[in-house]
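For reference, the structure discussed in these notes is given below.
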Amino acid sequence: GFSCLVLNPLLVNKFFTASLRKTKTDKIDAKAIAIMLYHIHEQLPDKSSLPKDFRDIAREREKIAQQIATVKNDIEKLLTVLFPELEKIVNIYNSSILKLLSKFPSAHAIKNASTEEINEALCPKTPGKPVNVSAQKIKSIAKESIASYWPVKELILVQKIKKLFFLEEQLEFFTDLLRQFCEEASLCQDLEILKSIKGVGNITATYFLAEVGDITRFSSTKKLIAYCGLDPTVYESGRFKGKSKISKRGNRHLRRIVWLMSIGVVMHNEYFREYYNKRRAEGLVFKKAILAVAHKLIRTIWSMLTKKQLFSVNHAFSSCSLRR
Numbered sequence: 017g018f019s020c021l022v023l024n025p026l027l028v029n030k031f032f033t034a035s036l037r038k039t040k041t042d043k044i045d046a047k048a049i050a051i052m053l054y055h056i057h058e059q060l061p062d063k064s065s066l067p068k069d070f071r072d073i074a075r076e077r078e079k080i081a082q083q084i085a086t087v088k089n090d091i092e093k094l095l096t097v098l099f100p101e102l103e104k105i106v107n108i109y110n111s112s113i114l115k116l117l118s119k120f121p122s123a124h125a126i127k128n129a130s131t132e133e134i135n136e137a138l139c140p141k142t143p144g145k146p147v148n149v150s151a152q153k154i155k156s157i158a159k160e161s162i163a164s165y166w167p168v169k170e171l172i173l174v175q176k177i178k179k180l181f182f183l184e185e186q187l188e189f190f191t192d193l194l195r196q197f198c199e200e201a202s203l204c205q206d207l208e209i210l211k212s213i214k215g216v217g218n219i220t221a222t223y224f225l226a227e228v229g230d231i232t233r234f235s236s237t238k239k240l241i242a243y244c245g246l247d248p249t250v251y252e253s254g255r256f257k258g259k260s261k262i263s264k265r266g267n268r269h270l271r272r273i274v275w276l277m278s279i280g281v282v283m284h285n286e287y288f289r290e291y292y293n294k295r296r297a298e299g300l301v302f303k304k305a306i307l308a309v310a311h312k313l314i315r316t317i318w319s320m321l322t323k324k325q326l327f328s329v330n331h332a333f334s335s336c337s338l339r340r
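At the far end of the sequence shown sits residue 340, using this note's numbering, and the numbering has no gaps.
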């Protein structure tokens, strides 16, 4: 069979527009693609260097995590109507509290339940973190609650909680699958290298590897930055010089991950925090300062993964010379 590769459609389109003719037919398109591949085939990456399965698993987990955040926001909104005082005394996402709300989804329902029924819901047989508030306390607060009685919203809350439990099971499944795939793909060393940067967690490091794949695909940090879509755009014409913005033409998933990693290192890594503070002192606003950190972080990571070495300040300093 034929091996397949996905190309950036923008590159194909730009190749088409290089022609002076405006005629467009399937035959002309096929010929143009063939001519383009003839000229760039040596630059195409090896398919084996693109861990598509690994990336698909990472993106599915990312999607589920975003769905969980959405469902949690919905639950909080419903509780502001059904039992607004509850989140002030307990963590509403404690498994025992969620199971209590599944059975008694409002202050009105808890108020009418017996203490024994509340205790039974709070102390399930399945393992979980115990609740640091008694059934009597919850019941007494429910009696004084300003909550509205809204049966339809109670039904919606129960379904939202069921959906949250399901999504959390899915998240755990894909997390285990991601860990297993990382081990099978012999990426454990690269994972440990990334995690040696204080502020980069296990999940974000795994996401980064899933999106980047083999670091040797990128001969320079400049190409890796462009792949993230964090490279600056320049528009000049005569005396006019436009404001520089990032291109956003790279991998949007990777761009989001690098952004989160950059915030993480600013919060937890002294070296990157000092660099961030330095750029802020130079007058950069928050987003531009984080973007500067992102560039420095990418150069540092490229150096570490290329040399297979753990993080040290020397890597961060040497990254300044990697702007090729």
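Beta carbons are placed, not taken as given, at the ideal position from N, Cα and C, and that holds for glycine. Only a predicted model underlies this, so the values are computations on that prediction, with no experimental measurement involved.
Go ahead and pull the three-state DSSP assignment for I108.
-> coil
Give the straight-line distance between the Cα atoms of T237 and K68, rounded to the nearest whole angstrom.
-> 22 Å
For P248, write down the residues that DSSP places opposite it in a beta bridge.
-> I262
Output the distance between the C-alpha atoms of I154 and N218, rounded to the nearest integer angstrom.
-> 37 Å
What number of angstroms, rounded off, separates the C-alpha of W318 from the C-alpha of K79?
-> 27 Å
By Cβ distance below 6 Å, which residues in the same chain neighbour Q325 in space, the five residues on each side in sequence not counted?
-> none
Since I believe V87 is in contact with K214 (beta carbons under 8 Å), could you give me their beta-carbon distance rounded to a whole number of angstroms?
-> Not a contact, Cβ separation roughly 31 Å.
6 Å Cβ shell around D45 - same chain, five flanking residues per side excluded = none
Is it buried or exposed for H55, if we count other Cβ within 10 angstroms and need 16 for buried?
-> exposed
I105: which of E132, R71, S161, S328 sits nearest, CA to CA?
-> S161
If we count the other Cβ atoms within 10 Å of its Cβ and call it buried at 16 or more, is D72 buried or exposed?
-> exposed
What three-state label does DSSP hand E208 in the structure shown?
-> helix
Can you tell me the Cα-Cα spacing of Y109 and F181, whole angstroms?
-> 10 Å
Pull up the distance between the alpha-carbon of A297 and that of L98, whole angstroms please.
-> 47 Å
Same chain, Cβ closer than 6 Å to G245, five either side skipped, listed in chain order = S263, K264, R265, G266, R271
Reduced DSSP category for E103 - H, G, I as helix; E, B as strand; rest coil | helix
Please work out which residues of its chain come closer than 8 Å, Cβ to Cβ, to E227, disregarding the five sequence neighbours upstream and downstream, and give them in chain order.
-> R71, A74, N267, H269, L270, I273
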